[in-house]
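Quick note: to get this note's numbering, add 1149 to the position in the sequence shown (first position is 1).
Here a beta-carbon is modelled for each residue, glycine too, at the ideal position from N, C-alpha and C.
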Amino acid sequence: MGRKFKQKHWGLDEAAAEFGCDKDTLAKYFKQAGQSPAFNDGAFATNQIVIALFGDYDAQKTRKITHEANLLEMEEKQSRGELVVKADVIDLVTVGLQAMVATILAMTEITIEQREKIIEQIRECGERVACGDKGGDAPAEV
């Protein structure tokens, strides 16, 4: 029957000395990695120290695979016409709104104030298309 080993309990000072780093730096790395002491005595496990100092390979690999899957899904939706590029929509809408503004500016049967009011409404429409209702960068001048 195999021998059972007791897991090493690393205090912050001991771990910093053993792994050749500053105690405060190691504490910062634990915090960034979301690591809290594994044991009731406030000590850390060896695998926690390795993750804090060198990163979590499995988590990074999972993030990469998830990202690649998301990109593939977006490409598939775009090829089926279920997803459009925002810049393309903005360009298309901008061309249409500019034509509307030009037509309104050429109209002589309405007052200048009426034209300005209509054009302002068109600009607001363009901003909502370009920025969404949540705000963002202003669209190109219509």
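Please tell me whether residue i and residue j are closer than 9 Å, where the distance is taken between their beta carbons.
i	j	result
L1202	F1168	yes
A1182	D1205	yes
W1159	T1215	no
When the Cα of residue i is compared with those of the options, which residue comes out closest?
i	options	result
K1266	T1257, I1253, E1258	I1253
L1241	G1275, T1260, G1151	G1275
A1165	A1176, V1238, K1157	A1176
V1238	D1173, E1258, T1211, G1281	G1281
I1271	T1257, A1187, V1244, E1258	V1244
D1162	V1233, D1173, E1224	D1173
I1268	T1257, Q1247, R1277, E1258	Q1247
P1186	A1251, K1157, I1259	K1157
Here's the rule I'm using: 16 or more other beta-carbon atoms within 10 Å means buried, otherwise exposed. How should residue i be labelled?
i	result
V1291	In this predicted model, V1291 has a pLDDT of only 45, less than 50, meaning its place in the structure is not dependable enough to derive any value.
A1279	buried
F1179	buried
F1193	buried
Q1263	exposed
Q1197	buried
I1200	buried
Along the chain, where does the alpha helix (DSSP H) that runs through residue i open and close?
i	result
Q1156	Unbroken run through Q1156: none, as it is neither H nor E.
L1220	1206-1228
E1273	1261-1280
L1246	1235-1255
Q1184	First-last for Q1184: undefined, no H or E at that position.
N1189	Note, N1189: premise wrong, no alpha helix (DSSP H); not H, not E.
L1202	1195-1203
Closer than 8 Å to a non-hydrogen atom of the ligand FAD - does that hold for the CB of residue i?
i	result
D1207	The ligand FAD is absent from the structure shown, which contains no ligand whatsoever.
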